[in-house]
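As structure tokens, the structure follows; a few thoughts come after it.
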Amino acid sequence: MTTRTRYPGAAEYIPHTDDLAAVRAAAQRCHGCDLYRDATQTVFGEGAATASTVLVGEQPGNDEDLDGHPFVGPAGHLLDRALAEIGVDRDSLYLTNAVKHFRFVERGKRRIHQQPRRTEIVACAPWLVTELELVAPDLVICLGAIATQAVLGPKAKVTELRGRIVDAEHYRVGATVHPASVLRATDRAQAYTEFVDDLTRLFEAG
Ligand code: URA
Ligand code: SF4
1 MTTRTRYPGA AEYIPHTDDL AAVRAAAQRC HGCDLYRDAT QTVFGEGAAT
51 ASTVLVGEQP GNDEDLDGHP FVGPAGHLLD RALAEIGVDR DSLYLTNAVK
101 HFRFVERGKR RIHQQPRRTE IVACAPWLVT ELELVAPDLV ICLGAIATQA
151 VLGPKAKVTE LRGRIVDAEH YRVGATVHPA SVLRATDRAQ AYTEFVDDLT
201 RLFEAG
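Heads up, the sequence shown is in the UniProt record's numbering, so the first residue is 1 and it goes up one at a time.
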């Protein structure tokens with residue numbers, strides 16, 4: 001009976017303030033779902049507080065969990081390389097994740113990433129909603145399936161949307177694959193080229 005766990009969610013942990021730094025600090029104490037139990041810390045979004053573009057990933061990975069900052073591990077390095085290639089300054093963006101705690105299973109000494117469950121995405125969504133309200137970007141770029149579903153709803157498919165922009169109520173939304181999927185691809189060079197092509201198109205359109 002564990003698959004249908006409904007979590008209380010993050011809403012009650014969110015302070016009533018427009019101060020993004022205060023919201024980030026409050027997120028450190030979130031117990032809105034069970035992922036905080038095994039993870040090291042909350043990894044909240046970071047970057048320009050009034051960025052015109054927000055990038056949304058899935059969840060912190062092993063490195064981010066230990067470090068406390070988003071996109072600092074291998075996927076983050078690949079993203080940095082792609083952004084540099086298309087001339088986008090990472091510091092001009094706001095980077096965050098659909099889920100703020102690392103979900104993993106232990107295999108010996110290694111911690112293996114596990115996709116967040118729908119219940120965890122829903123539980124954590126109030127943080128993302130609050131970040132998007134406060135940063136108020138023109139464009140939200142979803143990296144991968146989980147981010148795309150967190151922003152556009154559970155039926156949204158990154159495979160259909162990638163490289164395209166759709167209108168949402170308060171901003172436009174673009175999608176591409178997750179940088180970690182580029183690292184796992186059989187033809188990495190090809191996957192990287194397609195990732196950079198998507199980002200180029202999305203930033204040009206945004
Ligand atoms: N993958 C993500 O989706 N987010 C991170 O912050 C790091 C890796
Ligand atoms: Fe709270 Fe999100 Fe962490 Fe769950 S994953 S405890 S909802 S911050």
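By construction, the Cβ of each residue, glycine as well, lies at the ideal position given by its N, Cα and C atoms.
Source: prediction; values computed, not measured.
L55 is bridged by DSSP to L95 and I141.
DSSP places A175 in the strand class (E or B) of the three-state scheme. Using a Cβ distance threshold of 7 angstroms, V135 and Y94 count as a contacting pair. Nearest to A21 by alpha-carbon distance, out of G45, R81, H31 and R6, is G45. In the DSSP secondary-structure assignment, F104 is bridged to H113. Bounds of the beta strand (DSSP E) holding I165 are I165 to D167.
Annotation: the continuous alpha helix (DSSP H) that includes G76 extends over P74 to E85. Between the alpha carbons of R184 and E58 lies a gap of roughly 16 angstroms.
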